[in-house]
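S.K.: Using UniProt numbering, the first residue of the sequence shown is number 1, and each one after it goes up by one. Backbone N, C-alpha and C fix where the C-beta goes; we use that ideal spot for every residue, glycine too.
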Amino acid sequence: MSKNPRKFEQATRLIVNMEASTVASIDSLMKQRRQHAHGNRAEFVRRAVERELARCQGANV
1 MSKNPRKFEQ ATRLIVNMEA STVASIDSLM KQRRQHAHGN RAEFVRRAVE RELARCQGAN
61 V
């Protein structure tokens with residue numbers, strides 16, 4: 001998994017549609033600033049996608 005999104009060698013922009021309630025939940029977590037101190041919605045989603053990808057790849061091994 002990538003550690004610093006600003007240092008991608010081949011970055012690709014991805015546009016994602018999701019329910020407004022999901023976005024509101026993410027924003028609520030960002031405001032709490034506890035576990036998700038990065039405070040960036042895009043970074044939160046990027047990390048979630050990478051975690052899910054790693055989980056799915058692990059299940060296929």
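#1: Give a yes or no on whether the C-beta atoms belonging to F8 and I26 are separated by under 7 Å.
#2: Three-state secondary structure (DSSP) at E52?
#3: Using only the alpha-carbon positions, how far apart do L14 and E50 sit?
M.R.: Checking against the coordinates, here is how it stands:
#1: Taking the sequence shown and counting its residues from 1, one reaches residue 8 at position 8. Taking the sequence shown and counting its residues from 1, one reaches residue 26 at position 26. No, the pair does not count as a contact, with Cβ atoms beyond the cut-off.
#2: Residue mapping note: residue 52 aligns to position 52 of the sequence shown, counting from 1. Correct three-state label for E52: helix.
#3: Sequence index remark: in the sequence shown, residue 14 carries index 14 (1-based). Sequence index remark: in the sequence shown, residue 50 carries index 50 (1-based). Roughly 13 Å between the two C-alpha positions.
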